[in-house]
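**Q** I have a structure here, written as structure tokens, and I will follow up with some questions on it.
Protein chains: 2
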Amino acid sequence: MMKTIKILLVDDDLKNSMLLKRFVEAEGYEVVYANNGKEGLEMYNVIHPDLILLDINMPELDGFEMARIIRKNDKRVIIFFLTDRTDKVDRLHGFSLKGNDYIPKPFYPEELIAKINERFESLIVNQDVEYQLGDTVFRPNLSSLTYKGETHSLSVRQTEILQMLAENIGKPVERDTILEKIWGDASYSNSLALNVQITYIRRLLPDPSVSITSI
Amino acid sequence: MMKTIKILLVDDDLKNSMLLKRFVEAEGYEVVYANNGKEGLEMYNVIHPDLILLDINMPELDGFEMARIIRKNDKRVIIFFLTDRTDKVDRLHGFSLKGNDYIPKPFYPEELIAKINERFESLIVNQDVEYQLGDTVFRPNLSSLTYKGETHSLSVRQTEILQMLAENIGKPVERDTILEKIWGDASYSNSLALNVQITYIRRLLPDPSVSITSI
DNA sequence: TGGAATTATTACTAAATTATTACCGTTAGT
DNA sequence: ACTAACGGTAATAATTTAGTAATAATTCCA
Numbered sequence: 011m012m013k014t015i016k017i018l019l020v021d022d023d024l025k026n027s028m029l030l031k032r033f034v035e036a037e038g039y040e041v042v043y044a045n046n047g048k049e050g051l052e053m054y055n056v057i058h059p060d061l062i063l064l065d066i067n068m069p070e071l072d073g074f075e076m077a078r079i080i081r082k083n084d085k086r087v088i089i090f091f092l093t094d095r096t097d098k099v100d101r102l103h104g105f106s107l108k109g110n111d112y113i114p115k116p117f118y119p120e121e122l123i124a125k126i127n128e129r130f131e132s133l134i135v136n137q138d139v140e141y142q143l144g145d146t147v148f149r150p151n152l153s154s155l156t157y158k159g160e161t162h163s164l165s166v167r168q169t170e171i172l173q174m175l176a177e178n179i180g181k182p183v184e185r186d187t188i189l190e191k192i193w194g195d196a197s198y199s200n201s202l203a204l205n206v207q208i209t210y211i212r213r214l215l216p217d218p219s220v221s222i223t224s225i
Numbered sequence: 011m012m013k014t015i016k017i018l019l020v021d022d023d024l025k026n027s028m029l030l031k032r033f034v035e036a037e038g039y040e041v042v043y044a045n046n047g048k049e050g051l052e053m054y055n056v057i058h059p060d061l062i063l064l065d066i067n068m069p070e071l072d073g074f075e076m077a078r079i080i081r082k083n084d085k086r087v088i089i090f091f092l093t094d095r096t097d098k099v100d101r102l103h104g105f106s107l108k109g110n111d112y113i114p115k116p117f118y119p120e121e122l123i124a125k126i127n128e129r130f131e132s133l134i135v136n137q138d139v140e141y142q143l144g145d146t147v148f149r150p151n152l153s154s155l156t157y158k159g160e161t162h163s164l165s166v167r168q169t170e171i172l173q174m175l176a177e178n179i180g181k182p183v184e185r186d187t188i189l190e191k192i193w194g195d196a197s198y199s200n201s202l203a204l205n206v207q208i209t210y211i212r213r214l215l216p217d218p219s220v221s222i223t224s225i
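In order, the protein sequence lines correspond to chains A and D.
According to our numbering, the first sequence is numbered sequentially starting from 11.
According to our numbering, the second sequence is numbered sequentially starting from 11.
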């Protein structure tokens, strides 16, 4: 399970933006839209995006200004300027503000997607999700359980199952849901296999404050 | 002291290329020029560039074809397509060949420079990197491991692998990621080769406070 | 309460994965 | 051309995994 990558789209052209938004979302990114620089800044402070698609010509606060403000405190976020201003000064201005790319309109959505994918290719793996289960910490990406300093590692199956349970902590998860999602079909033999795996997981959870119960 | 970054410029337009070459060289990069794809491939094999500026329309062997051949064995080199073909199919084709950018002509040399600088910014900063692995110091640029005053040197392969692991210390790195990035494809036989290299690296890491584990 | 259905536990096994060592062809430096 | 290092293949070993099977414990109702 990967943390979704958040993209902030700032452009005063609502119509085209909605289209673009849908395109990018279809690729699995989370897209938040802002209509101008001022609104963009507000959204930026709320969602802390991983990438900003930034139009330059905008009322209230233009893209350059917005980028300048953001870059003062955030060197990490990736900024793509999207604009139909194509003159040299502007394009270079974009780079001098530490924009990471400058994409002149009109562009093909696929092209933008390709550029976005390229940026996040390496980041897509390796997220740092953690679940606190009682006094035990479960790290799906490390396939590990840590309790009282002791860390045990889980097999992939065990990790898959425990992740489903951890995501729904407190709530019950249907047997068949687990079977469908992990085994692909809810056959009887798989159900038995699940029992076995649950036993294994329980054995690795000596923490009395956690328990897996069946209802 | 930083390793110079090598750029291979492949374009059949001699006149413009010489101009561009000078521009890029003025920025501190080492630029090697090739007049067509065939020549480009030869130069590629000689100098192993860090980045390739690649024209598409060329006699002998076009840029797409050249990129395809190179990408078969080298996933790491950065490829920028430079071209006046601006139609959609071509631009996307460029990305599908794992080109890292597609820059339509005409462009401003400053803009290209900005894009190049942006790509190597992290490398330029990370010149004399050292990784502290437990009580061992790993210096990728020296291909060396120092533990208790003893320094051992690593082979290129071992350095590449250890660097990937060191960059993600504490986090797991996908086998396939390593294989893709270093070997170029995640075939089974390469996977076995990786096992061997890991064994070699472990042998050079007698420090009990460091370990490479598979999960 | 009794017995069927469900869930738990343990032991066992075949397959897959990872580790280690030995060996070999290629390459670069002398 | 000799040598050493390198990076890989091959053979084999060790470990891990995800099941099955056998058996036990628990739950649920008529």
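Ideal Cβ placement from N, Cα and C applies to all residues, glycine included.
Which residues in the same chain have their Cβ closer than 8 Å to the Cβ of Ile225 (chain D), if we skip the five residues on either side of it in sequence?
**A** Taking the first residue of the second sequence as 1, we reach residue 225 (chain D) at position 215. Only Pro182 meet the Cβ criterion.
**Q** For the structure I just gave you, are there three or more beta carbon pairs, one from the stretch 192 to 207 of chain A and one from the stretch 27 to 45 of chain D, closer than 8 Å?
**A** In short, these stretches do not touch, since the Cβ pair count stays below three.
**Q** Helix, strand or coil for Tyr157 (chain A) per DSSP?
**A** Along the first sequence, read from residue 1 onward, the residue named residue 157 (chain A) stands at position 147. In the structure shown, Tyr157 (chain A) sits in a strand (DSSP, three-state: E or B).
**Q** Does the beta-carbon of Asp94 (chain D) have 16 or more other beta-carbons within 10 angstroms, so that it is buried, or is it exposed?
**A** Within the second sequence, residue 94 (chain D) is the residue found at index 84, counting from 1. Per the 10 Å Cβ criterion, exposed.
**Q** Would a C-beta distance cut-off of 9 Å place Asp22 (chain D) and Asn46 (chain D) closer than the cut-off?
**A** Within the second sequence, numbered from 1, the residue matching residue 22 (chain D) stands at position 12. Within the second sequence, numbered from 1, the residue matching residue 46 (chain D) stands at position 36. Yes.
**Q** Should Ile222 (chain D) and Gln168 (chain D) be called a contact, given that it needs their Cβ atoms to be closer than 9 Å?
**A** Counting from 1 along the second sequence, the entry for residue 222 (chain D) is found at position 212. Counting from 1 along the second sequence, the entry for residue 168 (chain D) is found at position 158. No; because the gap between Cβ atoms is not below 9 Å, this pair is not in contact.
**Q** Using a Cβ-Cβ distance cut-off of 9 Å, determine whether Ala44 (chain D) contacts chain A.
**A** As a working mapping, residue 44 (chain D) is identified with position 34 in the second sequence. Chain A, which has no Cβ nearer than 9 Å to the Cβ of Ala44 (chain D), makes this no.
**Q** With Asp65 (chain A) as the anchor, note down where its beta strand (DSSP E) starts and where it stops.
**A** One-based indexing of the first sequence puts residue 65 (chain A) at position 55. From DSSP, the beta strand (DSSP E) with Asp65 (chain A) extends over 61 to 65.
**Q** To the nearest angstrom, how far is it from the Cα of Val220 (chain D) to the Cα of Tyr141 (chain D)?
**A** Residue 220 (chain D) sits at position 210 when you count from the first residue of the second sequence. Residue 141 (chain D) sits at position 131 when you count from the first residue of the second sequence. The straight-line gap from Cα to Cα measures roughly 12 Å.
**Q** Counting only C-beta atoms, is Ala124 (chain A) closer than 9 Å to chain D at any point?
**A** The count along the first sequence starts at 1 and reaches residue 124 (chain A) at position 114. By this cut-off, Ala124 (chain A) is an interface position.
**Q** To the nearest angstrom, how far is it from the Cα of Gly109 (chain D) to the Cα of Asp65 (chain D)?
**A** In the second sequence, the residue the question calls residue 109 (chain D) occupies position 99. In the second sequence, the residue the question calls residue 65 (chain D) occupies position 55. In a straight line, the C-alpha of Gly109 (chain D) is about 12 Å away from that of Asp65 (chain D).
**Q** Would you list the one or two residues that DSSP bridges to Thr93 (chain D)?
**A** Within the second sequence, the letter at position 83 stands for residue 93 (chain D). The partner list for Thr93 (chain D) (beta bridge, DSSP) reads D:Pro114.
**Q** Do Pro69 (chain A) and Ile17 (chain A) have their C-beta atoms within less than 9 Å of each other?
**A** Walking along the first sequence from the start, residue 69 (chain A) turns up at place 59. Walking along the first sequence from the start, residue 17 (chain A) turns up at place 7. No, these two residues do not count as a Cβ contact at 9 Å.
**Q** Verify the CB distance criterion: does Asp111 (chain A) have a CB-CB separation below 9 Å to chain D?
**A** The residue you call residue 111 (chain A) lines up with position 101 of the first sequence. With 9 Å as the cut-off, Asp111 (chain A) counts as an interface residue toward chain D.
**Q** At 7 Å on the CB atoms, spell out the chain A contacts of Glu128 (chain D), in chain order.
**A** Translated into the one-based positions of the second sequence, residue 128 (chain D) becomes position 118. By Cβ distance, chain A contributes Asn110.
**Q** Apart from the five residues on each side of it in sequence, which residues of its chain come closer than 7 Å, Cβ to Cβ, to Pro119 (chain A)?
**A** Taking the first sequence and counting its residues from 1, one reaches residue 119 (chain A) at position 109. Only Leu30, Phe33 meet the Cβ criterion.
**Q** Would Pro69 (chain D) count as contacting chain A if we go by Cβ distances under 9 Å?
**A** Working through the second sequence from its first residue, we reach residue 69 (chain D) at position 59. It does not: the Cβ of Pro69 (chain D) has no partner Cβ on chain A nearer than 9 Å.
**Q** For Pro150 (chain D), would you say it is in contact with chain A, using Cβ-to-Cβ distances shorter than 9 Å as the test?
**A** Within the second sequence, residue 150 (chain D) is the residue found at index 140, counting from 1. It does not; no Cβ of chain A falls within 9 Å.
**Q** Go through the stretch 144 to 223 of chain D residue by residue and report every complete run of the beta strand (DSSP E) that reaches 3 residues or more, in order.
**A** Here the runs fully enclosed are 146 to 149, 154 to 157, 160 to 163.
**Q** What is the rounded straight-line gap between the Cα of Ala44 (chain A) and the Cα of Leu172 (chain D)?
**A** Taking the first sequence and counting its residues from 1, one reaches residue 44 (chain A) at position 34. Taking the second sequence and counting its residues from 1, one reaches residue 172 (chain D) at position 162. About 43 Å.
**Q** Compare the C-beta of Lys31 (chain D) with all C-beta atoms of chain A and state if any pair is closer than 9 Å.
**A** By 1-based counting over the second sequence, the position of residue 31 (chain D) is 21. By this cut-off, Lys31 (chain D) is not an interface position.
**Q** With DSSP collapsed to three states, give me the class of Glu37 (chain D).
**A** Along the second sequence, one-based indexing puts residue 37 (chain D) at 27. Correct three-state label for Glu37 (chain D): coil.
**Q** Tell whether a beta-carbon distance below 9 Å holds between Lys48 (chain A) and Leu19 (chain A).
**A** Residue mapping note: residue 48 (chain A) aligns to position 38 of the first sequence, counting from 1. Residue mapping note: residue 19 (chain A) aligns to position 9 of the first sequence, counting from 1. No, these two residues do not count as a Cβ contact at 9 Å.
**Q** If you drop the 5 nearest sequence neighbours on each side, which residues of the same chain put their C-beta closer than 8 Å to that of Lys85 (chain A)?
**A** Taking the first sequence and counting its residues from 1, the one referred to as residue 85 (chain A) is at position 75. So the list reads Lys108, once near-sequence residues are dropped.
**Q** Under 7 Å Cβ-Cβ, which residues of chain D neighbour Glu120 (chain A)?
**A** To locate residue 120 (chain A), count along the first sequence from 1; it is residue 110. Within 7 Å Cβ-Cβ: Leu102.
**Q** Quick check on Phe10 (chain A) - is its C-beta less than 9 Å from some C-beta in chain D?
**A** A question about residue 10 (chain A) goes unanswered here, because the residues of chain A that appear run from 11 up to 225.
**Q** Grouping DSSP H, G and I as helix and E and B as strand, with all else coil, what is Ile17 (chain D)?
**A** Counting from one through the second sequence, the residue named residue 17 (chain D) turns up at place 7. Of the three classes helix, strand and coil, the one that applies to Ile17 (chain D) here is strand, per DSSP.
**Q** Taking only the alpha-carbon atoms, compute the straight-line gap between Thr156 (chain D) and Phe130 (chain D) and give it to the nearest angstrom.
**A** By one-based count along the second sequence, residue 156 (chain D) stands at place 146. By one-based count along the second sequence, residue 130 (chain D) stands at place 120. If I take the Cα positions, the gap works out to 27 Å.
**Q** Quick one: is Ile225 (chain D) near chain A, going by C-beta distance under 9 Å?
**A** Start at 1 with the first residue of the second sequence, and residue 225 (chain D) comes out as number 215. True, the Cβ-Cβ gap to chain A drops below 9 Å.
**Q** Considering only residues of the same chain and omitting the five flanking positions on each side of Arg149 (chain A), which have a CB-CB separation below 6 Å?
**A** Taking the first sequence and counting its residues from 1, the one referred to as residue 149 (chain A) is at position 139. Same-chain partners within the cutoff: Glu140.
**Q** Exposed or buried, which one is Val166 (chain D) when buried takes at least 16 other CB atoms within 10 Å?
**A** Your numbering for residue 166 (chain D) matches position 156 in the second sequence. With fewer than 16 Cβ atoms within 10 Å of its Cβ, Val166 (chain D) is classed as exposed.
**Q** To the nearest angstrom, how far is the alpha carbon of Pro216 (chain D) from that of Val41 (chain D)?
**A** The residue given as residue 216 (chain D) occupies position 206 in the second sequence. The residue given as residue 41 (chain D) occupies position 31 in the second sequence. Cα-Cα distance, rounded: 42 Å.
**Q** For Leu189 (chain A), tell me which candidate among A:Leu175, A:Leu204, A:Leu214, A:Ile123 has the shortest Cα-Cα distance.
**A** As a first step, residue 189 (chain A) must be located in the first sequence, where it is residue number 179. The residue with the shortest Cα to Cα distance from Leu189 (chain A) is A:Leu204.
**Q** Taking 9 Å as the CB-CB limit, is Ser163 (chain A) close to chain D?
**A** Looking up residue 163 (chain A) in the first sequence gives position 153. Closer than 9 Å to some Cβ of chain D, the Cβ of Ser163 (chain A) qualifies, so yes.
**Q** How would you call Val87 (chain A), buried or exposed, if buried means at least 16 neighbouring beta carbons within 10 angstroms?
**A** Indexing the first sequence from 1 puts residue 87 (chain A) at position 77. So Val87 (chain A) ends up on the buried side.
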